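Residue numbers (UniProt numbering): 1 to 256.
Backbone N, C-alpha and C define an ideal beta-carbon position, used for all residues, glycine too.
Predicted model only: the values in this text are computed from it and were never measured.
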Amino acid sequence: MIHTAMNEFSTNHPDYTASPMSVCSAMSQGYIGYDLQNAIREELIGRGIYRSVCTVITQVTVDPYDEAFYTPTKIVGRIMNAEDAAAERKKGNYVVEVPGQGFRRVVASPNPVDIVEVDAIRTLTDAGHIVIACGGGGIPVLQQNNHLKGASGVIEKDLTAGKLAEQIDADELIILTSVEKVCLNHGKEDEEELDTISVEQAKQYMDEGHFGIYNMLPKFQASVGFIEKKEGRSALITSFDTLKDALKGKTGTVIE
(Lines of atoms letter the chains of each structure in order from A; the text may use other names.)
(Lines give C-alpha, C1' and ligand atoms only; values in the text may rest on other atoms or scores of the structure.)
Protein backbone atom coordinates (compact mmCIF):
# COMPACT_ATOMS: atom_id res chain seq x y z
CA MET A 1 0.00 0.00 0.00
CA ILE A 2 2.75 2.47 0.93
CA HIS A 3 4.80 1.52 -2.13
CA THR A 4 1.78 2.01 -4.38
CA ALA A 5 1.10 5.42 -2.85
CA MET A 6 4.74 6.43 -3.29
CA ASN A 7 4.68 5.43 -6.96
CA GLU A 8 1.43 7.28 -7.57
CA PHE A 9 2.82 10.42 -5.92
CA SER A 10 6.05 10.35 -7.92
CA THR A 11 4.07 9.87 -11.14
CA ASN A 12 2.07 13.03 -10.45
CA HIS A 13 5.06 14.91 -9.02
CA PRO A 14 8.13 14.06 -11.17
CA ASP A 15 10.46 16.03 -8.88
CA TYR A 16 10.00 13.39 -6.18
CA THR A 17 11.54 9.93 -6.33
CA ALA A 18 9.54 7.03 -4.93
CA SER A 19 11.13 5.13 -2.05
CA PRO A 20 12.27 1.60 -2.92
CA MET A 21 10.06 -1.32 -1.95
CA SER A 22 12.39 -2.35 0.89
CA VAL A 23 12.03 1.07 2.54
CA CYS A 24 8.25 0.94 2.10
CA SER A 25 8.25 -2.49 3.77
CA ALA A 26 10.10 -1.01 6.74
CA MET A 27 7.50 1.76 6.96
CA SER A 28 4.71 -0.82 6.92
CA GLN A 29 6.36 -2.83 9.69
CA GLY A 30 6.66 0.32 11.76
CA TYR A 31 3.13 1.66 11.49
CA ILE A 32 1.37 -1.72 11.69
CA GLY A 33 3.63 -2.76 14.58
CA TYR A 34 2.82 0.49 16.37
CA ASP A 35 -0.93 -0.13 16.21
CA LEU A 36 -0.60 -3.84 16.98
CA GLN A 37 1.70 -3.51 19.98
CA ASN A 38 -0.49 -0.81 21.53
CA ALA A 39 -3.63 -2.91 21.01
CA ILE A 40 -1.96 -5.97 22.60
CA ARG A 41 -0.61 -3.88 25.48
CA GLU A 42 -4.06 -2.42 26.16
CA GLU A 43 -5.66 -5.86 26.15
CA LEU A 44 -3.01 -7.26 28.50
CA ILE A 45 -3.40 -4.41 30.99
CA GLY A 46 -7.17 -4.86 30.89
CA ARG A 47 -6.61 -8.46 31.98
CA GLY A 48 -4.15 -7.53 34.71
CA ILE A 49 -1.12 -8.77 32.77
CA TYR A 50 1.87 -6.43 32.80
CA ARG A 51 4.35 -7.38 30.09
CA SER A 52 6.06 -5.13 27.61
CA VAL A 53 5.24 -5.45 23.92
CA CYS A 54 7.67 -4.31 21.23
CA THR A 55 8.10 -4.31 17.47
CA VAL A 56 11.37 -5.24 15.79
CA ILE A 57 11.97 -3.95 12.27
CA THR A 58 13.11 -7.20 10.70
CA GLN A 59 15.29 -7.88 7.68
CA VAL A 60 15.51 -11.30 6.04
CA THR A 61 18.37 -12.29 3.77
CA VAL A 62 17.52 -13.93 0.46
CA ASP A 63 19.60 -15.67 -2.20
CA PRO A 64 20.40 -13.31 -5.11
CA TYR A 65 20.24 -16.33 -7.42
CA ASP A 66 16.81 -17.43 -6.19
CA GLU A 67 14.74 -18.42 -9.23
CA ALA A 68 11.96 -16.13 -8.00
CA PHE A 69 13.95 -13.10 -9.15
CA TYR A 70 13.83 -14.40 -12.72
CA THR A 71 10.15 -15.40 -12.66
CA PRO A 72 8.24 -12.87 -10.48
CA THR A 73 4.78 -14.08 -9.42
CA LYS A 74 3.73 -12.03 -6.37
CA ILE A 75 0.99 -9.56 -7.34
CA VAL A 76 1.33 -6.09 -5.79
CA GLY A 77 -0.17 -2.66 -6.30
CA ARG A 78 -3.35 -1.46 -7.93
CA ILE A 79 -5.17 -2.65 -11.05
CA MET A 80 -3.86 -0.81 -14.12
CA ASN A 81 -5.08 -0.18 -17.64
CA ALA A 82 -2.98 -1.07 -20.69
CA GLU A 83 -1.40 2.38 -20.92
CA ASP A 84 -0.26 2.39 -17.28
CA ALA A 85 0.97 -1.19 -17.64
CA ALA A 86 3.12 -0.20 -20.61
CA ALA A 87 4.59 2.67 -18.59
CA GLU A 88 5.48 0.26 -15.78
CA ARG A 89 7.20 -2.08 -18.23
CA LYS A 90 9.26 0.83 -19.54
CA LYS A 91 10.52 1.33 -15.99
CA GLY A 92 11.78 -2.26 -16.02
CA ASN A 93 8.99 -3.65 -13.86
CA TYR A 94 7.18 -6.92 -14.51
CA VAL A 95 3.47 -6.68 -15.30
CA VAL A 96 0.88 -9.41 -15.91
CA GLU A 97 -2.66 -9.30 -17.22
CA VAL A 98 -5.33 -10.55 -14.82
CA PRO A 99 -8.32 -11.81 -16.84
CA GLY A 100 -11.42 -9.73 -16.26
CA GLN A 101 -9.59 -7.13 -14.16
CA GLY A 102 -6.75 -5.45 -15.97
CA PHE A 103 -3.01 -5.42 -15.38
CA ARG A 104 -1.07 -5.85 -12.14
CA ARG A 105 2.57 -5.49 -11.25
CA VAL A 106 4.34 -8.63 -10.05
CA VAL A 107 7.52 -8.89 -7.99
CA ALA A 108 9.77 -11.72 -6.87
CA SER A 109 8.85 -13.85 -3.87
CA PRO A 110 12.20 -15.38 -2.83
CA ASN A 111 12.62 -17.91 -0.05
CA PRO A 112 13.89 -16.64 3.32
CA VAL A 113 17.47 -17.63 4.13
CA ASP A 114 18.25 -15.99 7.47
CA ILE A 115 16.55 -13.62 9.95
CA VAL A 116 19.03 -10.77 10.44
CA GLU A 117 17.67 -9.57 13.80
CA VAL A 118 17.06 -13.05 15.22
CA ASP A 119 19.48 -12.57 18.14
CA ALA A 120 17.64 -9.44 19.27
CA ILE A 121 14.28 -11.19 18.91
CA ARG A 122 15.51 -14.20 20.88
CA THR A 123 16.95 -12.01 23.64
CA LEU A 124 13.67 -10.12 24.01
CA THR A 125 11.52 -13.25 24.07
CA ASP A 126 13.85 -15.00 26.52
CA ALA A 127 13.45 -11.96 28.80
CA GLY A 128 9.68 -12.39 28.76
CA HIS A 129 8.76 -9.65 26.32
CA ILE A 130 6.11 -10.08 23.63
CA VAL A 131 7.75 -9.44 20.26
CA ILE A 132 6.15 -8.49 16.96
CA ALA A 133 8.61 -9.35 14.20
CA CYS A 134 9.00 -10.25 10.53
CA GLY A 135 6.01 -8.14 9.50
CA GLY A 136 4.94 -8.73 5.90
CA GLY A 137 7.39 -11.62 5.63
CA GLY A 138 10.32 -9.41 6.58
CA ILE A 139 12.27 -6.91 4.49
CA PRO A 140 14.13 -8.93 1.82
CA VAL A 141 17.81 -7.99 1.71
CA LEU A 142 20.92 -9.17 -0.11
CA GLN A 143 24.15 -9.68 1.85
CA GLN A 144 26.95 -7.74 0.12
CA ASN A 145 30.03 -8.03 2.34
CA ASN A 146 29.14 -5.89 5.39
CA HIS A 147 26.24 -4.19 3.63
CA LEU A 148 22.61 -5.28 3.46
CA LYS A 149 20.99 -4.12 0.22
CA GLY A 150 17.21 -4.04 0.01
CA ALA A 151 15.77 -6.35 -2.64
CA SER A 152 12.63 -5.64 -4.63
CA GLY A 153 10.33 -8.43 -3.61
CA VAL A 154 7.90 -9.83 -1.07
CA ILE A 155 8.77 -12.92 0.97
CA GLU A 156 5.94 -15.36 1.69
CA LYS A 157 4.86 -14.60 5.28
CA ASP A 158 4.30 -18.22 6.28
CA LEU A 159 7.77 -19.27 5.15
CA THR A 160 9.34 -16.45 7.15
CA ALA A 161 7.28 -17.46 10.20
CA GLY A 162 8.61 -20.99 9.89
CA LYS A 163 12.18 -19.73 9.53
CA LEU A 164 11.82 -17.50 12.60
CA ALA A 165 10.34 -20.33 14.67
CA GLU A 166 13.23 -22.54 13.60
CA GLN A 167 15.91 -19.97 14.44
CA ILE A 168 14.57 -19.08 17.89
CA ASP A 169 14.22 -22.83 18.58
CA ALA A 170 10.48 -22.77 19.22
CA ASP A 171 8.68 -25.97 20.17
CA GLU A 172 5.51 -25.23 18.20
CA LEU A 173 4.60 -23.13 15.17
CA ILE A 174 1.05 -21.74 15.15
CA ILE A 175 -0.30 -20.36 11.89
CA LEU A 176 -3.62 -18.52 11.93
CA THR A 177 -5.77 -18.45 8.82
CA SER A 178 -9.42 -18.09 7.83
CA VAL A 179 -10.47 -21.70 8.40
CA GLU A 180 -10.88 -23.74 11.58
CA LYS A 181 -9.27 -26.82 10.05
CA VAL A 182 -7.41 -27.61 6.86
CA CYS A 183 -9.44 -29.64 4.37
CA LEU A 184 -8.67 -32.02 1.57
CA ASN A 185 -10.73 -31.51 -1.59
CA HIS A 186 -11.61 -28.02 -0.40
CA GLY A 187 -15.05 -26.83 -1.53
CA LYS A 188 -16.03 -30.19 -3.04
CA GLU A 189 -18.65 -32.73 -2.02
CA ASP A 190 -15.99 -35.08 -0.66
CA GLU A 191 -14.29 -32.35 1.43
CA GLU A 192 -12.44 -33.91 4.37
CA GLU A 193 -11.23 -32.07 7.48
CA LEU A 194 -7.76 -32.89 8.79
CA ASP A 195 -7.27 -33.29 12.53
CA THR A 196 -3.78 -34.66 13.29
CA ILE A 197 -1.45 -35.75 10.52
CA SER A 198 2.20 -36.74 10.20
CA VAL A 199 4.87 -34.90 8.22
CA GLU A 200 4.83 -37.75 5.71
CA GLN A 201 1.09 -37.32 5.20
CA ALA A 202 1.51 -33.56 4.85
CA LYS A 203 4.14 -34.09 2.14
CA GLN A 204 1.88 -36.54 0.33
CA TYR A 205 -1.04 -34.10 0.33
CA MET A 206 1.20 -31.31 -0.97
CA ASP A 207 2.51 -33.54 -3.77
CA GLU A 208 -1.08 -34.40 -4.70
CA GLY A 209 -1.86 -30.70 -5.12
CA HIS A 210 -4.47 -30.34 -2.40
CA PHE A 211 -3.47 -26.95 -1.01
CA GLY A 212 -2.54 -24.67 -3.88
CA ILE A 213 -6.15 -23.77 -4.59
CA TYR A 214 -6.68 -21.67 -1.45
CA ASN A 215 -3.21 -20.54 -0.45
CA MET A 216 -2.70 -23.27 2.13
CA LEU A 217 0.44 -24.63 0.44
CA PRO A 218 2.97 -22.18 1.98
CA LYS A 219 1.51 -22.87 5.42
CA PHE A 220 2.23 -26.57 4.98
CA GLN A 221 5.66 -25.88 3.51
CA ALA A 222 6.54 -23.72 6.51
CA SER A 223 5.19 -26.27 8.98
CA VAL A 224 7.00 -29.23 7.45
CA GLY A 225 10.27 -27.31 7.14
CA PHE A 226 10.08 -26.24 10.78
CA ILE A 227 9.24 -29.70 12.13
CA GLU A 228 11.90 -31.53 10.14
CA LYS A 229 14.72 -29.38 11.54
CA LYS A 230 14.38 -30.83 15.05
CA GLU A 231 12.70 -33.81 16.66
CA GLY A 232 9.69 -33.19 18.90
CA ARG A 233 8.33 -30.11 17.14
CA SER A 234 4.77 -29.64 15.93
CA ALA A 235 2.66 -27.14 14.02
CA LEU A 236 -0.94 -26.01 14.44
CA ILE A 237 -3.07 -24.43 11.72
CA THR A 238 -6.42 -22.91 12.70
CA SER A 239 -8.41 -19.68 12.70
CA PHE A 240 -8.08 -16.75 15.10
CA ASP A 241 -11.60 -17.34 16.44
CA THR A 242 -10.95 -21.01 17.24
CA LEU A 243 -7.38 -20.68 18.55
CA LYS A 244 -8.35 -21.02 22.21
CA ASP A 245 -10.08 -24.35 21.61
CA ALA A 246 -7.31 -25.46 19.25
CA LEU A 247 -4.69 -24.92 21.97
CA LYS A 248 -6.76 -27.28 24.14
CA GLY A 249 -6.72 -29.90 21.41
CA LYS A 250 -10.41 -29.50 20.58
CA THR A 251 -10.03 -28.33 16.98
CA GLY A 252 -7.51 -27.18 14.39
CA THR A 253 -5.13 -29.18 12.22
CA VAL A 254 -1.98 -30.46 13.92
CA ILE A 255 1.11 -31.61 12.04
CA GLU A 256 3.66 -33.61 14.01
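query                                                                                                                     : result
Rounded separation between M21 and E189 - CA only                                                                         : 43 angstroms
Segments assigned beta strand (DSSP E), at least 3 residues, entirely inside the region 28 to 115                         : 53 to 56, 59 to 62, 74 to 80, 94 to 98, 102 to 107, 112 to 115
Contact with chain B by K250, beta-carbon distance below 8 angstroms                                                      : Protein chain content of the structure displayed is limited to a single chain, and chain B is not contained in it.
Close beta carbons around E191, own chain, < 8 angstroms, minus the five adjacent residues each side                      : C183, L184, N185
Beta-bridge partners of L142, as assigned by DSSP                                                                         : K149
Boundaries (first-last residue) of the beta strand (DSSP E) holding E172                                                  : 172 to 177
Start and end residues, alpha helix (DSSP H) containing T160                                                              : 157 to 167
Sheet register partners of A133 (DSSP bridge)                                                                             : V56
E193 classed as buried or exposed, judged by whether at least 16 other C-beta atoms fall within 10 angstroms              : exposed
Rounded C-alpha distance that separates D126 from D169                                                                    : 11 angstroms
Sub-8 angstroms separation of G150 and V141 beta-carbons                                                                  : yes
The ligand ATP heavy atom lying under 7 angstroms from the CB of K230                                                     : In the structure on display, the ligand ATP does not appear, and there are no ligands present to speak of.
Cβ contact (3+ pairs, closer than 8 angstroms) linking the region 90 to 104 and the region 112 to 129                     : no
C-alpha gap between V76 and I237, whole angstroms                                                                         : 26 angstroms
Where V254 falls, given that 16 or more other Cβ within 10 Å makes a residue buried                                       : buried
Residue interval of the alpha helix (DSSP H) (run including S223)                                                         : 217 to 228
Whether I155 touches S223 by CB criterion (8 angstroms)                                                                   : no
Residues sharing a beta bridge with I197, DSSP                                                                            : I255
Selection from G48, C54, G30, V23 that minimises the alpha carbon distance to Q37                                         : C54
Counted within 10 angstroms of its Cβ, other Cβ atoms place Q204 as buried (16 or more) or exposed                        : exposed
Nonlocal neighbours in the same chain, by C-beta distance under 7 angstroms from T177, ignoring five residues either side : K219, I237, S239
Proximal residues to I79 (C-beta, below 8 angstroms), its chain only, five neighbours per side dropped                    : V98, Q101, G102, F103, R104
Best match in G30, I130, V106 for proximity to T71 [C-alpha to C-alpha]                                                   : V106
Residue burial classification, D158 (beta-carbon count within 10 angstroms, cutoff 16)                                    : buried
Cα-Cα separation, K248 to E88                                                                                             : 50 angstroms
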